[in-house]
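Sequence positions in the sequence shown follow numbering that gives the first Met the number 0 and run 0 to 360. Glycine included, C-beta positions come from ideal geometry on N, C-alpha and C. Quick notes on the structure that follows.
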Amino acid sequence: MKSACEIAVIGGGLSGLAAASVLNETKKDVLLLEAAPRLGGRIHSVSHPETGKPMADLGPTWVWPPYQPSISKWLEILGLELFPQYETGPAVLDLQVGVSPRHQPLPGQQGMARIANGPRALIDALSTQLMPEQVKLHHKLLSVSRKSGQFVLKLEDPDDVEITATSVIVCAPLRLMAQDVDWNGLLDAQTLAIMRAAPTWMVAQTKVSILYGRPFWREQGLSGRIASHLGPLSEVHDHCSSDGEFSALFGFVGWPDRYSDQDQLRAAIEEQLVRCFGAQASNFDRMEIQDWSADPLICSNLDRETSAQHPQVLPSVIKNGFHQNQLQFGVAETANDHPGLIDGALEAGERAARRLLSNSV
Ligand SMILES: Cc1cc2nc3c(=O)[nH]c(=O)nc-3n(C[C@H](O)[C@H](O)[C@H](O)COP(=O)(O)OP(=O)(O)OC[C@H]3O[C@@H](n4cnc5c(N)ncnc54)[C@H](O)[C@@H]3O)c2cc1C
């Protein structure tokens, strides 16, 4: 295992991969350190058991290209395609106990689109730009200190490795970085307070993807959308793949505390889908439940304990860089536009990498 590099990128989600991809345009010696056993972070999908192809999203799904220049730029660079969210036909309104759900058209969101093969296509495309030896999975950052003008990174891995780096870009959630990493005085109290005050977008959510043999709701003339006050899913959307290979619905669990375990939740979701779409809804092939609040590499204690808030644009001090700009933060929540979103992750990762490069040339 290498014990030194020029630039260490902490976190192998979309922002970390975007940062590493920009740095790789130069001849810099870059190492990406990711705590989890996979790349992608909040971008995650149900994979086909044989081909590994993404079948349905468990993290983000939508982008808004007319308003999001970073995603538009990166989709073009990576040769990825968009397709519209299916919204043909009425939605099912599931609002009152004892009253049958009714059908009603609901407006779609202006500019909203999906990426062919899901946001995981971004992760797959960006990770192929890195050499295998540049990516270290199962490498959780524990502490950062400074010695002889270098950063010393302590990592939890099977051998408790120490790596020295001239520069570091942190692309992991700010609240977790304040909670889990010992900075040995390298960050002041004001900066740590800004990090703790920055909610990690969507990480208290539970997302559910349900895969079917056929999009039977489309055959009934329905959009696949449900708006519910009864739950467990507060909203459901059509989630079929662009090429028609996979038929799916996805939804968010509105009231997770009502269910004592996943079996109970699963049974209640099936009951809701049958109530809204009829008996065919129980003939699903797979139901995958992703509770992000249970992932300690994504969701901090503060995210779990406080009510979810949309991330605000953070004070510039967190984006300006520390220690002669050699320490940068580039996670999605640090973006200038659309913080916390896919677009923000691309913008922030790229910004952090370019600031570092402009500093070192
Ligand atoms: C359910 C859900 C739905 C969403 N829907 C949308 C949507 O429709 N549209 C949209 O634009 N955005 C959406 N988002 C937000 C979007 O997923 C994020 O903006 C984006 O994925 C953030 O990427 P990131 O790389 O900045 O951070 P992350 O994906 O959080 O990546 C951070 C990485 O750091 C790693 N890490 C953590 N701690 C350490 C450590 N100590 N050492 C090393 N590595 C560490 C983590 O394992 C992770 O891989 C959604 C998010 C969720 C959870």
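Distance between beta carbons of residue j and residue i, contact taken as under 8 angstroms
i, j, result
"Leu326", "Phe150", "7 angstroms"
"Ala18", "Glu349", "7 angstroms"
"Leu16", "Leu154", "About 19 angstroms; that fails the 8 angstroms criterion."
"Gly88", "Leu221", "5 angstroms"
"Gln84", "Trp63", "About 11 angstroms separates the two Cβ atoms, so there is no contact after all."
"Leu121", "Leu79", "7 angstroms"
"Leu136", "Ala7", "No, Leu136 and Ala7 are not in contact; Cβ-Cβ is about 14 angstroms, not under 8 angstroms."
Distance cut-off 7 angstroms: residue i Cβ against heavy atoms of ligand 1
i, result
"Ile9", "yes"
"Arg113", "no"
"Pro65", "no"
"Glu287", "no"
"Arg224", "no"
"Asp25", "As written in the sequence, residue 25 is Thr, which differs from the Asp given in the question. Outside the cutoff, so no."
"Gln204", "yes"
"Gly12", "yes"
"Val330", "yes"
"Arg41", "yes"
"Pro83", "no"
"Lys139", "yes"
"Glu33", "yes"
"Leu185", "no"
"Cys4", "no"
"Gly78", "no"
"Asp73", "The sequence given here places Trp at residue 73; Asp does not occur at that position. Checking every heavy atom of ligand 1 against the Cβ of Trp73, none is found closer than 7 angstroms."
"Met54", "no"
"Pro68", "no"
"Pro198", "no"
"Ala124", "no"
Backbone secondary structure at residue i - three-state DSSP
i, result
"Pro311", "For the record, residue 311 in the displayed sequence is Gln; it is not Pro. Looking at Gln311 - three-state DSSP - the assignment turns out to be coil, as it is neither helix nor strand."
"Ile9", "strand"
"Asp284", "strand"
"Cys298", "coil"
"Asp290", "strand"
"Lys139", "strand"
"Pro64", "helix"
"Pro131", "helix"
"Glu234", "strand"
"Pro53", "strand"
"Ala188", "helix"
"Gln84", "coil"
"Glu244", "coil"
"Val360", "Interpretation of Val360 is limited by its pLDDT of 43, a score under 50 that renders its predicted location unreliable; no figure is taken from the coordinates."
"Gly348", "helix"
"Ile114", "strand"
"Cys170", "coil"
"Ile42", "coil"
"Gln149", "strand"
"Asp181", "strand"
"Thr199", "coil"
"Ala266", "helix"
"Gly15", "helix"
Beta carbon of residue i nearer than 8 angstroms to that of residue j
i, j, result
"Pro231", "Ala307", "no"
"Leu92", "Ala226", "yes"
"Ser126", "Leu345", "no"
"Ile76", "Pro59", "no"
"Ala164", "Leu175", "no"
"Ile9", "Cys170", "yes"
"Leu261", "Ile288", "One detail in the question is off: residue 261 reads as Gln in this sequence, not Leu. Taking 8 angstroms as the Cβ cut-off, Gln261 and Ile288 qualify as a contacting pair."
"Phe82", "Leu186", "no"
"Val134", "Gly329", "no"
"Pro338", "Leu313", "yes"
"Phe276", "Met54", "no"
"Gly250", "Glu234", "yes"
"Ser292", "Val202", "yes"
"Ser299", "Gln178", "yes"
"Leu105", "Arg195", "no"
"Asp284", "Leu210", "yes"
"Ile162", "Ala3", "yes"
"Ala331", "Trp200", "yes"
"Ser241", "Leu57", "no"
"Gly110", "Pro48", "no"
Alpha-carbon spacing of residue i relative to residue j, whole angstroms
i, j, result
"Leu38", "Ser44", "11 angstroms"
"Ala192", "Asn335", "19 angstroms"
"Leu356", "Thr333", "18 angstroms"
"Leu264", "Tyr258", "6 angstroms"
"Glu269", "Leu141", "42 angstroms"
"Ala112", "Trp254", "27 angstroms"
"Gly184", "Arg303", "26 angstroms"
"Glu218", "Glu5", "56 angstroms"
"Pro100", "Ile341", "34 angstroms"
"Val360", "Ile168", "For Val360, the pLDDT reaches just 43, beneath the cut-off of 50, and the residue's location in the model is therefore unreliable, leaving the point undetermined."
"Ala267", "Gly107", "27 angstroms"
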